[in-house]
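So the sequence lines, in the order shown, correspond to chains S and R.
Following our numbering, the numbering of the first sequence begins with 1 at its first residue and continues without gaps.
Following our numbering, the numbering of the second sequence begins with 1 at its first residue and continues without gaps.
We put the CB at the ideal spot given by N, CA and C, even for glycine.
Source: prediction; values computed, not measured.
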Amino acid sequence: MALIVWLGVPLLRWLLLDATWQGSSAECTARGGACWAFVAAKLRFFLFAFYPADGLWRPVVVCGLLIALLLASAMPRLWSARLVVAWPVVIGVCLALMSGLPGGSVVSSNQWGGLPITLLVWMICFTTSVPIAVLLSLARRSRMLLVRWLAIGYIELMRAIPMVAILYFATLILPMALPGSVPLDKLPRAIIMVALFWTAYVAEVVRGGLQAVPKGQEEAALALGLGYWRAMRLIVLPQALRAVVPGLVNLGIGFLLATSLLAVIGIMDILSAAKAAAADPEWLGYYKESFLVVALVYFVMGYGGSRYSLWLERRLGSSSGR
Amino acid sequence: MGSNIAATMARIGLTPGFGFLERAANFEIGESTISFRAGDSYARAIAVGVLNTAKVAVLSCILATVLGVALALMRLAGHPVLSGLVRWSIEVVRNTPLLLQLFFWIALAHALPPPRRAVVWFDCVFLTNRGVYLPSVIIAEGSWMAITAIAAILLGWLALLWRSRTRGPLASLPLGLVAILALAVVIYASGFRISLHSPAVQGFNIQGGTSLTPEFAALLVGLTVKFAAIFAEIVRAGILSVRREQWDAARALGLSEFKIVRLVVLPQALRVITPLATSCYLDVIKDSSLAVAIGYPDLMNITNTTANTTGQALEALLIVVALYLTLNLSVSAVMNVYNARVAMRGGRPA
């Protein structure tokens with residue numbers, strides 16, 4: 001109890017009582033508490049970084065679309081083939097909007113920043129890695145020795161190296177490996193490498209699901225005369241994927257936190273934007289407030305996601321009739 | 001793809017290959033366990049990086065394990081305020097990015113007061129913006145014989161204990177007494193002395209003791225806090241996986257709480273804990289590479305500098321991949337050996 005009072009009282013004073021809600025940097029320094037005026041003044045920069053001011057509605061709409069897509073996908077009632085189409089369509093629309101497509105000047109991806117980057121990279125990489133990962137996990141269980149060894153090699157290699165190394169690979173090696181006629185911005189290069197990297201992790205989760213499907217299911221499907229691919233598509237994979245949906249949600253939360261590593265190679269995601277905001281000479285050094293706001297954004301998404309995954313686990317479990 | 005790389009390297013005038021490792025690296029490294037000066041070879045610089053990574057990873061793993069177990073026990077202890085507090089701290093730490101936490105810790109480390117106004121804990125730990133100062137252990141010169149003798153006695157004692165467990169009982173109490181007596185004799189006879197040397201403020205700086213640089217301290221604290229939160233959840237899941245009936249049955253047999261935990265709960269919980277702990281340790285090794293972002297000279301940081309100064313990015317990254325692969329594979333090999341022992345216990349081969 002004493003510990004809570006000892007820690008809590010100064011914290012509360014700093015957060016609320018001594019805080020400055022409006023005004024300038026000088027007023028903040030005078031009061032000594034948290035400087036929420038800084039957050040208010042810099043909120044646009046936090047969320048959208050250096051995106052050109054005249055097209056600001058674009059990232060706002062993009063964030064709205066992406067969050068709506070996430071919320072829609074979270075409802076098991078809406079799970080259908082339409083969702084599989086909706087994802088690439090919405091993401092495509094978002095990319096077009098961000099680059100200023102219907103009737104604006106072109107905005108290069110180097111100018112994008114803030115929350116849209118975090119959401120876009122996360123959603124694009126995660127969704128592209130799932131289908132590749134399914135193939136990879138099937139390959140890992142394949143009876144063809146070469147295919148199996150290649151899959152194991154890829155998965156173990158990717159899982160053994162840090163994501164920072166992958167990001168450096170995207171910035172340093174990928175430009176060398178592309179033919180000179182294909183210039184590619186930093187962001188798409190990072191997206192390609194990160195998607196390939198996450199694939200290995202997703203593949204391991206999917207493999208867990210495949211192991212949970214009784215062997216009899218596959219044998220029965222084959223005995224019915226379905227070929228390998230149809231047996232997998234119609235019988236085994238639906239059961240396997242259903243079993244790993246909560247696991248995939250948890251992995252997704254981990255990946256969301258991992259997108260912050262984009263800061264290491266100088267991409268302006270929401271974390272780098274927050275750090276840069278506190279380096280503004282006019283509002284110098286309000287790192288605590290910056291980090292607190294960004295932490296709150298991540299926490300809301302991460303904690304919400306983990307509650308959702310628990311709820312989903314119970315719901316899927318109760319409807320399976322066991 | 002390979003030919004594109006070769007063509008690009010030829011265009012910017014680089015010869016592929018690892019010859020650059022022998023060349024002189026003209027940069028300084030903030031801290032290292034082996035001596036390094038600008039002008040030493042790149043190979044030596046990378047070795048410094050490997051050792052720095054190993055140093056921070058090993059220490060973080062140990063501290064995260066200890067703190068994680070403590071947190072898990074606090075949460076299971078059932079005191080509502082305590083377990084609620086622990087639960088929310090764990091949720092906050094788990095649901096915010098490690099990089100953000102590292103930025104926070106390094107900002108905190110740099111915001112500490114200068115040495116003369118250091119924050120002092122228990123008169124021997126000094127927190128300053130130049131680093132963290134801890135007491136150091138000083139072993140009097142010429143004690144190496146004694147240390148070897150002590151190590152030999154301890155090892156011998158452990159070996160005998162081991163034998164008694166696998167091949168039937170040897171009386172362990174007299175053995176322990178003999179070992180302690182032998183230790184006492186050796187320590188007394190050899191004049192072996194250990195002393196603690198506390199740091200103290202002298203002039204504008206702090207003298208004595210060992211110091212951790214702000215970057216190392218921030219990385220160590222960051223990794224420890226993040227992975228302690230993860231480890232606590234692993235331990236909790238492991239302990240909860242042991243069914244209630246097992247506790248009840250053990251109580252009915254009249255075992256003490258300590259014996260219940262040691263003989264009944266822990267062996268079963270470890271089956272769940274060990275594989276998860278292994279991947280937790282591997283994550284610590286990999287995530288120590290975030291050192292790049294706060295300027296601690298780890299393996300990733302130094303190879304990145306090497307890539308930038310020599311232009312041999314491909315080779316440098318290949319070295320990084322090979323080294324992380326080796327580190328990870330060796331840790332998982334060791335943990336798998338341990339896991340095989342743990343999983344077999346209880347007669348149910350996993």
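- Neighbours of residue 249 of chain S in chain R, taken as residues at a C-beta separation under 7 Å, are lacking, since the least C-beta distance is about 13 Å.
- Counting along the chain, the unbroken beta strand (DSSP E) around residue 131 of chain R starts and ends at 131–134.
- Residue 48 of chain S: member of the alpha helix (DSSP H) spanning 36–48, first to last residue.
- By the rule that beta-carbons nearer than 9 Å mark a contact, residue 309 of chain S does not touch chain R.
- In the three-state scheme derived from DSSP, where H, G and I count as helix and E and B as strand, residue 26 of chain R is classed as coil.
- Counting along the chain, residue 241 of chain R sits inside no alpha helix (DSSP H), nor does DSSP assign it H or E at all.
- Bounds of the beta strand (DSSP E) holding residue 205 of chain R are 205–207.
- A direct Cα-Cα distance of roughly 38 Å separates residue 76 of chain S from residue 168 of chain S.
- R/17 is the residue among R/11, R/17, R/6 whose C-alpha sits nearest the C-alpha of residue 316 of chain R.
- For residue 98 of chain S, no chain R residue has a C-beta closer than 7 Å to its own C-beta; the minimum C-beta separation is roughly 23 Å.
- Within 10 angstroms of the beta-carbon of residue 6 of chain S lie fewer than 16 other beta-carbons, which makes it exposed.
- At a cut-off of 9 Å between beta-carbon atoms, residue 121 of chain S makes no contact with chain R.
- Proximity of chain R to residue 268 of chain S at the Cβ level (cut-off 9 Å) is not reached, the minimal Cβ distance being about 14 Å.
- The residue from S/209, S/235, S/212, S/205 with its alpha-carbon nearest to that of residue 219 of chain S is S/235.
- Contact check for residue 47 of chain S against residue 63 of chain S passes: the beta carbons are separated by less than 9 Å.
- Judged by DSSP in its simplified three-state form, residue 54 of chain S adopts helix.
- At least 9 Å separates the beta-carbon of residue 290 of chain S from that of residue 250 of chain S.
- Three or more Cβ pairs drawn from the region 217–227 of chain R and the region 58–66 of chain R lie within less than 8 Å of each other, which places the two stretches in contact.
- The region 110–122 of chain R and the region 297–311 of chain R do not touch, with fewer than 3 CB-CB distances between them shorter than 8 Å.
- Excluding the 5 residues flanking it on each side, residue 48 of chain R has same chain C-beta neighbours closer than 8 Å at 29, 32, 33, 34, 36, 297, 302, in chain order.
- Fewer than three Cβ pairs drawn from the region 174–184 of chain S and the region 274–283 of chain S lie within less than 8 Å of each other, which leaves the two stretches out of contact.
- CA-to-CA, the gap between residue 52 of chain R and residue 128 of chain R works out to about 22 Å.
- Annotation for residue 213 of chain R: no alpha helix (DSSP H) segment contains it, and DSSP assigns it neither H nor E.
- Closest option to residue 126 of chain R, judged by alpha-carbon separation, among R/210, R/152, R/181: R/210.
- Neighbourhood of residue 287 of chain S in chain R, by CB distance below 7 Å: 107, in chain order.
- DSSP, reduced to helix, strand and coil, places residue 114 of chain S within a strand of the structure shown.
- Boundaries of the alpha helix (DSSP H) harbouring residue 278 of chain R: 266–287, taken from the DSSP string.
- The region 105–121 of chain S makes contact with the region 262–276 of chain S: 3 or more CB pairs, one atom from each, lie closer than 8 Å.
- Within chain S, no residue has its CB atom less than 7 Å from the CB of residue 253 of chain R, the nearest being about 34 Å off.
- Within the region 199–223 of chain S, complete alpha helix (DSSP H) segments of at least 4 residues are found at 215–223, given in chain order.
- Under the three-state reduction of DSSP, residue 157 of chain R is assigned to helix.
- Secondary structure of residue 48 of chain R (DSSP, three-state): helix.
- Non-local beta-carbon contacts of residue 155 of chain S in its own chain, meaning distances under 8 Å to residues more than five positions away in sequence, involve 136, 140, 200, 203, 204 in chain order.
- Its chain contains 269, 271, 272, 275 as the residues whose beta carbon lies nearer than 8 Å to that of residue 263 of chain S, once the 5 sequence neighbours on both sides are disregarded; these appear in chain order.
- Annotation for residue 33 of chain R: no beta strand (DSSP E) segment contains it, and DSSP assigns it neither H nor E.
- In the DSSP assignment, residue 15 of chain R falls outside any beta strand (DSSP E) and carries neither an H nor an E.
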